[in-house]
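Heads up, the thing below is written out as structure tokens.
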Amino acid sequence: MSAATAARIDGFAVRGLHLARGQRVVLRDVSFDAPKGTVTALVAPSGAGKSTLLRCLNRLLVPQAGTVLLDGEDTAELEPCALRRRAGLVGQTPVMLPGSVRENLAYGLDPAATADEPRLVQALADAGLDAGFIDRPAAELSGGERARVALARALTRAPELLLLDEPTAALDATVARHVGATLTALAQAGLGVVVATHDLPFAAEIANRVVALRDGAAVVGTAAELLTSEPPA
Amino acid sequence: MSQPLTQILASAAFALAAAWLAYRQRLGLSRSLLIAAVRAAAQLALVGLLIALVFRVPALAIAFVAVMVLTASLTAGSRMRALPGSRRIAVGAIALPALGATGALLAVGAFTATPRATIPTAGILIGGAMLATTLTGRRLVEGLSDGIDEIEARLALGDRARDAVAPLSRRAISAALVPLIDQTRSAGLVTLPGTFVGLVLGGASPATAARVQLTVLLTLLLVQLLSALLTAELVTRAATLPGERVRALPESVGLSSPRVECRSAFRNVPRCRVLPRHREQGPSGEDEHA
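Chains A and B are the protein sequences, given in the same order. Throughout the first sequence, residue numbering follows the working numbering, covering 1 to 233 in sequence. Throughout the second sequence, residue numbering follows the working numbering, covering 1001 to 1290 in sequence.
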């Protein structure tokens, strides 16, 4: 399907994405939709190209072929910083910026948003942290706490879509369930959520649709369909 | 025995003593120490002859200074070779501040515009600029490889590429200027700087030596700051890609100790091999995160 003929999707519409590194094809003619109001899981083993695909969505990486449309607009035509504010990415390694959790949450926001304490606290709560964390030095947090602050930091920007790279990798089962429930609730509230994970059961729990990467190509379906078919590994 | 001969013999004896001590301590440094000493002797003898020639033919001073800039740029550029155009960056960051300041000192009459004054002054300022360029460039290139996750986090939060690199850049500049600031504030208390020592040994009065040394040290403050700023700016430009992206560099290439992998699990004797610190490179120099 060409970009021109694609029906307008409210959210991401990925069409024919291709990316190779040297001789190795990482993404091979990948096409799928990730509409707002749903959770889309990109499922594949480690090293199969999930993070690469996620970075193509917010143009931290530029594919060699193919198109990514956001609300029907080619992301290549959008201003990159504005695109990344609309589609917030939480990386696999939760990076804490210097300063307190509050400074991390408010990073890059305008002063009014920075002073909006309830908004920051709500973002923390959505990520599974209580308000007591807000003035803690970010450098002193554990790996799991950092992952949740990184998620909260993305949420304070009120993105239209949220891109998460292995969001539960550093979390214990209880917190992972909480984060999963938060993502589902955010999607029900209208946010588009795209989660890259190697954990198919987690994807089955939260995702409306699943995109499995097999040898760089995308297989789209529901988690139930993919669970009963050949595993993506 | 004449004083010059005594100086040569005494210094050679010290170098040999250092090599012998390193040999006795099994440090594996004896050969390097001897080669360094012989190289220094040969280079200084050659430079002495060249400068004597330049003093007789002043037009050669320009060529001499150009060689100093080129050598300094090659040295500083090699410390950030992971970055495209690193030598060009080094030439700009060293030549502009060092030659600009030399020209200004000569123009205002702080030093006489003769090869005898110009070459040492330019040499000290080029050396200082090289140090600032090397330290800033090395640290910033290191940050662009090891700190790529922080840069990507900032980009993902909506920063422009140069804003995402700016914190690393400021840290690199600050670190690069620490040696000069320490040297300047401890001048005369902890160490006697080279210019001062050289002038006093050459017969100048301590007051004259102190005045010249102060002129050089204070000029270096601006030269090194400008070199560090220029390096940071040029490295940032070279590291940013269209679309507000940042070029991922190979992990700490030529900057820190190589990774050593020990494969002893299936063998009785541990076998270690040195691995290049490379990340898989993407079509636009991006690294593999998948």
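Don't be surprised by glycine CBs; every beta carbon is placed ideally from N, CA and C.
Is A:V219 helix, strand or coil by DSSP?
-> DSSP, reduced to helix, strand and coil, places A:V219 within a strand of the structure shown.
Can you tell me whether A:Q188 is buried or exposed, with buried defined as 16 or more other CB within 10 angstroms of its CB?
-> Exposed, since its Cβ has fewer than 16 Cβ neighbours within 10 Å.
Inter-stretch contact at 8 Å, needing at least 3 Cβ pairs: the region 1177-1189 of chain B / the region 1214-1222 of chain B | Remark: three or more beta-carbon pairs, one from each stretch, lie closer than 8 Å, so the region 1177-1189 of chain B and the region 1214-1222 of chain B are flagged as touching.
Three-way DSSP call (helix, strand, coil) for B:D1182 in this model = Looking at B:D1182 - three-state DSSP - the assignment turns out to be helix.
Just how far apart, CA to CA, sit A:V220 and A:A212?
-> A straight line joining the alpha-carbon of A:V220 with that of A:A212 spans about 6 Å.
Per DSSP, what kind of secondary structure is A:F243 in: helix, strand or coil?
-> Shown here, chain A extends from 1 to 233; a query on residue 243 of chain A therefore has no answer.
From which residue to which residue does the beta strand (DSSP E) around A:L286 run?
-> Here chain A covers residues 1 to 233 and nothing more, so residue 286 of chain A does not appear.
Test item: CB-CB of B:L1125 and B:A1098 under 9 Å | With contacts defined as CB atoms closer than 9 Å, B:L1125 and B:A1098 qualify as a contacting pair.
9 Å Cβ cut-off: residues of chain E touching B:E1142 = This model lacks chain E altogether; the protein chains it does include are A and B.
Beta carbon proximity, A:G144 to chain B, threshold 9 Å | A:G144 does not count as touching chain B.
Limits of the unbroken beta strand (DSSP E) element including B:L1192 | Following the DSSP letters along the chain, one finds B:L1192 in no beta strand (DSSP E), marked with neither H nor E.
Using 9 Å as the limit for Cβ to Cβ distance, is A:T114 near chain B?
-> By this cut-off, A:T114 is not an interface position.
Below 7 Å between beta carbons is the criterion; list the residues of the region 1153-1187 of chain B that meet it against any residue of chain A, in chain order.
-> From the region 1153-1187 of chain B, only A1153, L1155, A1156, L1157, G1158, D1159, R1160 have a Cβ closer than 7 Å to chain A.
Shorter than 9 Å from the beta carbon of B:D1149 to some beta carbon of chain A?
-> Yes, contact with chain A.
So is B:E1233 in contact with chain A if we call contact Cβ pairs under 9 Å?
-> For B:E1233, the answer is no, since every Cβ of chain A falls outside 9 Å of its Cβ.
Could one say the Cβ of B:V1253 lies closer than 9 Å to chain A's Cβ atoms, at least one of them?
-> For B:V1253, the predicted model reports a pLDDT of 48, less than 50, meaning its position is unreliable; a value from the coordinates is still stated below. Chain A, which has no Cβ nearer than 9 Å to the Cβ of B:V1253, makes this no.
Within the same chain, show all residues whose beta-carbon is closer than 7 Å to that of A:G216, passing over the 5 residues directly before and after it, in chain order.
-> Sequence-distant partners of A:G216 (beyond 5 residues in either direction) whose C-beta falls short of 7 Å from its own C-beta, in its chain, are V25, V26, L27, R28, G49.
Could you have a look at A:D165 and say whether DSSP puts it in helix, strand or coil?
-> Of the three classes helix, strand and coil, the one that applies to A:D165 here is strand, per DSSP.
Any 3 or more C-beta pairs closer than 8 Å across the region 127-134 of chain A and the region 84-104 of chain A = Taking 8 Å as the limit for Cβ pairs, the verdict is that the region 84-104 of chain A does touch the region 127-134 of chain A.
Going by the beta-carbon positions, is the gap between A:L129 and A:L162 smaller than 9 Å?
-> No, they are not a contact pair.
Quick one: grab the DSSP three-state call for A:V95.
-> In the three-state reduction of the DSSP assignment, A:V95 falls in the coil class.
Where does the unbroken beta strand (DSSP E) through A:V210 begin, and where does it stop?
-> Per DSSP, the continuous beta strand (DSSP E) segment holding A:V210 begins and ends at 209-214.
If B:V1246 sits next to B:L1155, beta carbons under 8 Å apart, how far is it from one beta carbon to the other, in whole angstroms?
-> Between B:V1246 and B:L1155 a beta carbon distance of about 7 Å is seen, short of the 8 Å cut, so the two are scored as contacting.
Count the other CB atoms, across all protein chains shown, that sit within 10 Å of the CB of B:A1012; report buried if there are 16 or more and exposed otherwise.
-> Around the C-beta of B:A1012, fewer than 16 other C-beta atoms lie within 10 Å, and the residue is accordingly described as exposed.
Helix, strand or coil: how does DSSP classify B:T1219 here?
-> DSSP, read as helix, strand or coil, puts B:T1219 in helix.
Provide the residue span of the beta strand (DSSP E) that contains A:L89, from first to last.
-> Note, A:L89: beta strand (DSSP E), 87-90.
If you draw a straight line from the alpha carbon of B:Q1007 to that of B:A1022, how long is it in whole angstroms?
-> Straight-line spacing of the CA atoms in B:Q1007 and B:A1022 works out to 23 Å.
If you draw a straight line from the alpha carbon of B:G1147 to that of B:R1139, how long is it in whole angstroms?
-> Roughly 11 Å separates the two Cα atoms.
Does any CB atom of chain B fall closer than 9 Å to the CB of A:P80?
-> Yes, contact with chain B.
Looking at the structure shown, is A:G66 part of a helix, part of a strand, or coil, going by DSSP?
-> In this structure, DSSP gives A:G66 an extended state, which the three-state scheme calls strand.
State the DSSP-derived secondary structure class of B:S1030, mapped to helix, strand or coil.
-> Reduced to three states, the DSSP call for B:S1030 is helix.
For A:G47, does the three-state DSSP call read helix, strand or coil?
-> Correct three-state label for A:G47: coil.
DSSP on A:A196, reduced to helix/strand/coil?
-> Looking at A:A196 - three-state DSSP - the assignment turns out to be strand.
Confirm, please, whether the CB-CB distance from A:L186 to A:L155 is below 9 Å.
-> A Cβ-Cβ contact shorter than 9 Å links A:L155 with A:L186.
Using a C-beta to C-beta distance shorter than 7 Å, which residues of chain B count as neighbours of A:R59?
-> Here the neighbours are G1243.
Residues bridged to A:A41 (per DSSP) = Residue pairing by DSSP puts A:A41 in a beta bridge opposite A:V195, A:V210.
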